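Participant: Numbering (my numbering), first residue to last: 18 to 358.
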Amino acid sequence: MQSLDFAERYSRQVLFPPIGAAGQKQLAAARVAIVGCGATGSALASLLSRAGVGYLRIIDRDYVEPSNLQRQVLFDESDAAESLPKAIAAARKIKSFNSEIAVEPHAADLTPQNAEEFLGGVDLILDGTDNFETRYLINDFAVSKGIPWIYAAAVASYAVTMTVLPGETACLACVFPDSPRGMVETCDTSGILNSAVNFVASIACTEAIKLLVGARDKLRRTLLSYDVWTNDFAEISTAKPRSGCRACGQHDFVHLAGEGRPHITLCGRNSVQIHERQRPIDFDEISRRLTPHGPVRHNEFVLKFWREPYELTLFPDGRAIIKGTTDTAIARSLYARYVGS
Ligand SMILES: [Zn+2]
């Protein structure tokens, strides 16, 4: 039986009749994966963990930086000073306000190869990413397995979200067969209001709770967009899948097949990511090796090395983010020189 603390902790939510004691138990038994734990992802993780979702898996490839603190609600100045991976920092912060739920952090990049490991075995997948490549991968995986997922995005003052119920509503590829042009701008180029993030996270979190407590008739079956600055509001129906949709119609999961995912990609403004998972790094050893070449510092999760004008951030599985260039050849050569080829 649940402890008294459980009843006390969630008492105000249980008082809300559509949730009630039965809904709260369903939340405690629910398993949710959140892909990306930046602004939207950390708002979602904060809301859902406080609401008592029993198991959260948080997947994020990035580390905390000072420019994140304006909107990424799970992080603080010490996380940025330590360059903690966001997944790890998020799990620690959640533990400080709800130690009774399970949080499984993964400081890693979601790829077609690890999609089953990171997205399998959950009731719902939430989008906290900042790019369509990953969203199409989530969509392919979710549709192929029949797992609901919620698309959520915020850029500048603009927020957009839709709930995808595979086999029932439109999927992401129904609505956007290809990456939408006007929406490839990112927070790095357009800036972002923290209120746009919280707006979209609030809607997506509520949809998540409706779904997890079985209130499917209350789910929104539209693509909703709202600009918190201009007050422009739009909705288009997603009540039915588009006939002939590549993903949910033809079951052609090209993004999950993962053909041609590059080993090196641009990531954010002025940085390049080297995707490696098979090169376990001994931070102490590499730290000694790098010290003669420039400042180096590491903790258990991340190693940073500065070689002007570049900054190399290395993760234990060998993945690296190289700041200070958008030239993949330069990034590759720095990696080869300082980490290994
Ligand atoms: Zn579709």
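Glycine residues also receive a C-beta, built at the ideal position from the N, C-alpha and C atoms.
Everything numeric in this text was worked out from a predicted model, so none of it was measured.
Under 7 Å between the Cβ atoms of P102 and V289?
Facilitator: no
Participant: What are the residues that DSSP puts in a beta bridge with Y72?
Facilitator: R48, A119
Participant: Less than 8 Å between C-beta atoms, sequence neighbours within five positions excluded: which residues of the same chain meet that for R336?
Facilitator: R78, A125, D126, Q290, I291, H292, E293, R294
Participant: With a threshold of 16 other CB atoms inside 10 Å of the CB of Q43, please say whether the residue is buried or exposed.
Facilitator: buried
Participant: Which first and last residues belong to the beta strand (DSSP E) in which S242 is found?
Facilitator: 239-244 is the extent of the beta strand (DSSP E) around S242.
Participant: Whole-angstrom Cβ separation of I118 and Y72, contact assumed at under 8 Å?
Facilitator: The pair is a contact, with the Cβ atoms about 7 Å apart (cut-off 8 Å).
Participant: Relative to ligand 1, is the shortest distance from any of its heavy atoms to the C-beta of P258 smaller than 6 Å?
Facilitator: Result yes, Cβ under 6 Å from ligand 1.
Participant: Classify W166: buried if its beta carbon has 16 or more other beta carbons within 10 angstroms, exposed otherwise.
Facilitator: buried
Participant: DSSP on Q130, reduced to helix/strand/coil?
Facilitator: The answer is coil: DSSP assigns Q130 none of H, G, I, E or B.
Participant: Please determine whether the Cβ atom of A171 lies at a distance below 6 Å from any heavy atom of ligand 1.
Facilitator: no
Participant: Figure out for me which residue from P309, A107, S95, R29 has the closest Cα to the Cα of A56.
Facilitator: Ranked by Cα distance from A56, the options P309, A107, S95, R29 are led by A107.
Participant: Can you give the Cα-Cα distance for R26 and N85, rounded to whole angstroms?
Facilitator: 30 Å
Participant: Quick check on V201: does DSSP put it in helix, strand or coil?
Facilitator: Confidence is the limiting factor: at V201 the pLDDT is only 48, short of 50, which leaves the residue's position unreliable, though a coordinate-based value still follows. V201: coil per DSSP, three-state reduction.
Participant: Can you give me the Cβ contacts of A187 inside the same chain, cut-off strictly under 7 Å, excluding the 5 residues immediately before and after it?
Facilitator: T255, K257, P258, R259
Participant: Any idea if A213 is buried or exposed, counting beta-carbon neighbours within 10 angstroms, 16 or more meaning buried?
Facilitator: The residue is buried, with at least 16 neighbouring Cβ atoms inside 10 Å.
Participant: Please report how far the alpha carbon of S2 lies from the alpha carbon of G266, in whole angstroms.
Facilitator: Lying outside 18 to 358, the shown extent of the chain, residue 2 is not represented and no answer is given.
Participant: Looking at ligand 1, does it come within less than 6 Å of A159, judged from the CB to the closest heavy atom?
Facilitator: No - ligand 1 has no heavy atom lying nearer than 6 Å to the Cβ of A159.
Participant: Could you spell out the range, first to last residue, of the beta strand (DSSP E) harbouring L329?
Facilitator: Taken as a continuous stretch (DSSP letters only), the beta strand (DSSP E) holding L329 covers 327-331.
Participant: Which residues mark the beginning and the end of the beta strand (DSSP E) in which I167 is found?
Facilitator: Residues 166-172.
Participant: Between C54 and ligand 1, is the CB less than 6 Å from at least one heavy atom?
Facilitator: no
Participant: Comparing the CB of A274 with every heavy atom of ligand 1, is any distance shorter than 6 Å?
Facilitator: no
Participant: With a threshold of 7 Å between beta-carbons, can V52 be considered close to chain C, or not?
Facilitator: Absent here is chain C; the protein component of the structure consists of one chain.
Participant: Just the Cα atoms here: how many angstroms apart are P333 and D299?
Facilitator: 7 Å
Participant: When the Cα of A171 is compared with those of D157, W246, G163, which residue comes out closest?
Facilitator: W246
Participant: When the distance is taken between beta carbons, is I76 closer than 7 Å to F135?
Facilitator: By the CB criterion at 7 Å, F135 and I76 fall inside the cutoff.
Participant: On a Cα-Cα basis, can you pick out the residue from A47, A39, T282 that is closest to G138?
Facilitator: A47
Participant: Give every residue of the same chain whose Cβ lies closer than 6 Å to the Cβ of K110, excluding the five residues on either side of it in the sequence, and list them in chain order.
Facilitator: Excluding the 5 residues flanking it on each side, K110 has same chain C-beta neighbours closer than 6 Å at L91, in chain order.
Participant: Which residue's Cα is closest to the Cα of S116: V52, R324, S63, E302?
Facilitator: It is S63.
Participant: Apart from the five residues just before and just after T60, which ones in its own chain have a Cβ nearer than 7 Å to its Cβ?
Facilitator: Here residue 60 turns out to be Ala, not Thr, going by the sequence shown. Cβ within range, chain order: V90, V214, N215, A218.
Participant: Can we count Y97 as close to ligand 1, meaning its CB is less than 6 Å from some heavy atom?
Facilitator: Strictly speaking, residue 97 in this sequence is Ala, with Tyr absent from that position. Flag unset: Cβ of A97 not near ligand 1.
Participant: Find out if the Cβ-Cβ distance for the pair T146, V52 is shorter than 7 Å.
Facilitator: Yes, they are a contact pair.
Participant: Along the chain, where does the alpha helix (DSSP H) that runs through R349 open and close?
Facilitator: 345-355
Participant: Going by DSSP, what residue range makes up the alpha helix (DSSP H) through R305?
Facilitator: Counting along the chain, R305 sits inside the alpha helix (DSSP H) bounded by residues 300-307.
Participant: Distance, Cα to Cα, P83 vs G261?
Facilitator: 45 Å
Participant: Determine, using beta carbons only, whether N156 and A190 come nearer to each other than 7 Å.
Facilitator: yes
Participant: Looking at the strands, I want to know which residues DSSP matches up with T180.
Facilitator: I167
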